[in-house]
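Peer 1:
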Amino acid sequence: MLAALECRSSDHVPCAFMMYKALKNECRDHAAFLHAQLDLGLDVVVELPPRPPVVVNEHANLHGLPVQYGAGVQTHQYTRTLDPGQTLLIKEYHTPDGILRLEAHPGLDLHAGQVPFLDDVLISAACTPLVRSPADLPALQHLLVPPTPAEVDDYRRDSQPFLELAHRHDLLVAGGWGVGADMVGWLCGLKEMIVLAYRQPDFLRRLLAMIGAWNYARMQAALQLPLDLYIKRAWYENTDFWTPRAWAEFLLPALRREVELAHRAGARFGYLVTARAMPLVEGIIAAGVDVLIGVDPREYDLAKLKQQAQGQLCLWGGINGHLTVENGTPAEVRAEVRQAMKVLAPGGGFILSPVDNVRQHSARVQSNVRALIDAWLQANADKP
1255 MLAALECRSS
1265 DHVPCAFMMY
1275 KALKNECRDH
1285 AAFLHAQLDL
1295 GLDVVVELPP
1305 RPPVVVNEHA
1315 NLHGLPVQYG
1325 AGVQTHQYTR
1335 TLDPGQTLLI
1345 KEYHTPDGIL
1355 RLEAHPGLDL
1365 HAGQVPFLDD
1375 VLISAACTPL
1385 VRSPADLPAL
1395 QHLLVPPTPA
1405 EVDDYRRDSQ
1415 PFLELAHRHD
1425 LLVAGGWGVG
1435 ADMVGWLCGL
1445 KEMIVLAYRQ
1455 PDFLRRLLAM
1465 IGAWNYARMQ
1475 AALQLPLDLY
1485 IKRAWYENTD
1495 FWTPRAWAEF
1505 LLPALRREVE
1515 LAHRAGARFG
1525 YLVTARAMPL
1535 VEGIIAAGVD
1545 VLIGVDPREY
1555 DLAKLKQQAQ
1565 GQLCLWGGIN
1575 GHLTVENGTP
1585 AEVRAEVRQA
1595 MKVLAPGGGF
1605 ILSPVDNVRQ
1615 HSARVQSNVR
1625 ALIDAWLQAN
1635 ADKP
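Counting in our numbering, the sequence shown runs from 1255 upward without gaps.
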């Protein structure tokens, strides 16, 4: 895995699933999940802090250290009836600098009826987002508190058994997740994020600067452990939402700072963006990113991407998780594996994975996973 991340050739092309929710949900805890992947013969990644199979909290879509609020913040959730048959869930954050208020449609997978703070579900569920104007930023600052020394101590203690497991089995250790524009989408909405870049760029810069400072402090805490790889989630940092010029203006400076921080700590930096990112690849390489995570063959021009990345950027992916692994045939899975290995593996700098998750655990999907692994092993055996 380290050789791949450094774009060096090695004895085999690794296969490590970016995410494997179906298998994880079958395991009693994080350690069992790691051992289950080892039993499949995969190149396993130990992600810190350890994450249980089912997570229900205020920040379920932001892996990593806890998210806490500042002193004096109180939350209130209640329901308001508009008309017969029409209700809203209201979540309020009372801070020393004002009240932030979010309105959401009930019944949209809101974690047992609870409205989270940071979660993809807000993008579809929120009808009135939490942050709407510059006047909301002082209150928002009270929700963006760096990890406390006690939380960092817990992170160290809880991670120690998994660091030992990684050392025992010679496994890659990863941590994170960092966040930037994805958090703007959670706080403001994705459509609003696009509009802000044109109509209120100063507000967007201030908001991204607040998120960036908070994320940087969380990175510093995470990197107190010997991570091989730090990962930033960037599903919404693509050209569906940002022109290449806007991406370079609003997002690239923070990305450069975060890459530099990871490198100073001896970690590689992974940028997780699974679609519409081909026009951004040169900027991603210029930022010093080590690995582009989420190379979906349905979304990336694999041959062109390999040509751009050769020797400069590791590529992680190559197979579509939903359309191919979950809904394809074993023959289609094997063909996609062979194509990914043929195009992306030569010269090193490639990690095979479904993009971006395998969520189903049916007999059909398990058969396709076995076909994926068999085709990967065969391709490695055939490698000159």
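Just so it is clear, CB atoms sit at the ideal spot from N, CA and C, and this is done for glycine as well.
Using beta-carbon positions only, say whether LEU1626 and VAL1597 come within less than 8 Å of one another.
Peer 2: no
Peer 1: Check whether the stretch 1334 to 1354 touches the stretch 1409 to 1424, taking contact to mean three or more Cβ pairs, one atom from each stretch, closer than 8 Å.
Peer 2: Contact between the stretch 1334 to 1354 and the stretch 1409 to 1424 is absent, with fewer than three C-beta pairs closer than 8 Å.
Peer 1: Let's test the definition: count the other Cβ atoms within 10 Å of the Cβ of THR1382 and tell me whether it reaches 16, buried, or not, exposed.
Peer 2: Classification of THR1382: exposed, given that the 10 Å Cβ count is below 16.
Peer 1: In terms of residue numbering, what span does the alpha helix (DSSP H) encompassing PRO1415 cover?
Peer 2: For PRO1415, the uninterrupted alpha helix (DSSP H) run begins and ends at 1403 to 1423, by DSSP.
Peer 1: Mapping DSSP to helix, strand and coil, what is ASP1390?
Peer 2: Here ASP1390 sits in helix by DSSP.
Peer 1: Whose C-alpha, out of ASP1550, ALA1521, LEU1505, is nearest the C-alpha of GLY1537?
Peer 2: LEU1505
Peer 1: Quick check on PRO1608: does DSSP put it in helix, strand or coil?
Peer 2: Strand at PRO1608.
Peer 1: Quick check on DSSP: helix, strand or coil for GLN1566?
Peer 2: coil
Peer 1: Considering only C-alpha positions, which residue in the set ARG1487, ARG1624, ARG1522 is nearest to LEU1481?
Peer 2: ARG1522
Peer 1: Identify every run of the beta strand (DSSP E) within the stretch 1518 to 1549, keeping only runs that are complete inside it and at least 3 residues long; order them along the chain.
Peer 2: 1522 to 1526, 1545 to 1549
Peer 1: Helix, strand or coil for TYR1452 per DSSP?
Peer 2: helix
Peer 1: Any idea what DSSP makes of ARG1552, helix, strand or coil?
Peer 2: coil
Peer 1: Would you kindly work out how many angstroms separate the C-alpha atoms of ARG1460 and LEU1292, rounded to a whole number?
Peer 2: 44 Å
Peer 1: Please report the residue range of the alpha helix (DSSP H) in which ASP1293 lies.
Peer 2: 1284 to 1294
Peer 1: In its own chain, which residues sit with a C-beta less than 8 Å from the C-beta of HIS1645, not counting the 5 before and 5 after it?
Peer 2: Coverage of the chain is limited to positions 1255 through 1638, which leaves residue 1645 absent and any answer about it impossible.
Peer 1: Using beta-carbon positions only, say whether HIS1313 and ARG1305 come within less than 8 Å of one another.
Peer 2: no
Peer 1: With respect to the beta strand (DSSP E) encompassing LYS1345, which residues constitute its N-terminal and C-terminal limits?
Peer 2: 1340 to 1349
Peer 1: For LEU1398 versus TRP1468, is the C-beta distance shorter than 8 Å?
Peer 2: yes
Peer 1: How big is the Cα-Cα spacing for ALA1617 and ASP1412?
Peer 2: 34 Å
Peer 1: Below 8 Å, how does it come out for the stretch 1600 to 1618 and the stretch 1528 to 1548: are there three or more Cβ pairs, yes or no?
Peer 2: yes
Peer 1: Can you tell which of HIS1266, LEU1259, LEU1256 has its C-alpha closest to the C-alpha of ALA1635?
Peer 2: HIS1266
Peer 1: What is the DSSP secondary structure of TYR1323, reduced to helix, strand or coil?
Peer 2: coil
Peer 1: Once DSSP output is grouped into helix, strand and coil, what is the label at ARG1355?
Peer 2: strand
Peer 1: Measure the CB-CB distance between ASP1374 and ASN1279 and report whether it falls below 8 Å.
Peer 2: Their beta carbons are not under 8 Å apart, which means ASP1374 does not touch ASN1279 by this criterion.
Peer 1: To which residues of the same chain is VAL1619 closer than 8 Å at the C-beta, ignoring the five residues directly before and after it?
Peer 2: Here VAL1619 has ALA1276, VAL1579, GLU1580, VAL1612 as same chain residues with Cβ atoms under 8 Å from its own Cβ, once five neighbours each way along the sequence are excluded.
Peer 1: On the CB-based measure, 16 or more other CB atoms within 10 Å of its CB, does ALA1633 come out buried or exposed?
Peer 2: buried
Peer 1: Which partner residues does ALA1589 have in the DSSP bridge list?
Peer 2: Looking at the DSSP assignment, ALA1589 forms no beta bridge with any residue, so it has no partner.
Peer 1: For LEU1256, is the classification buried or exposed, using 16 other Cβ atoms within 10 angstroms of its Cβ as the cut-off for buried?
Peer 2: exposed
Peer 1: Measuring straight from C-alpha to C-alpha, what distance separates TYR1409 and GLN1322?
Peer 2: Their backbone Cα atoms lie some 14 Å apart in a straight line.
Peer 1: Which stretch, first to last residue, makes up the alpha helix (DSSP H) that contains ARG1624?
Peer 2: 1617 to 1636
Peer 1: Rounded C-beta distance between ASN1492 and VAL1527? I'm assuming under 8 Å.
Peer 2: 5 Å
Peer 1: Rounded to whole angstroms, what is the Cα-Cα separation between GLY1582 and GLY1429?
Peer 2: 32 Å
Peer 1: Does the Cβ of GLU1514 have 16 or more other Cβ atoms within 10 Å, making it buried, or fewer, making it exposed?
Peer 2: exposed
Peer 1: Counting only runs that start and end within the stretch 1486 to 1519, where is the alpha helix (DSSP H) found for 4 or more residues in a row?
Peer 2: 1498 to 1504, 1506 to 1518
Peer 1: Considering only the beta carbon of each residue, do LEU1336 and ALA1476 sit closer than 8 Å?
Peer 2: no
Peer 1: Under the three-state reduction of DSSP, which class applies to ALA1314: helix, strand or coil?
Peer 2: coil
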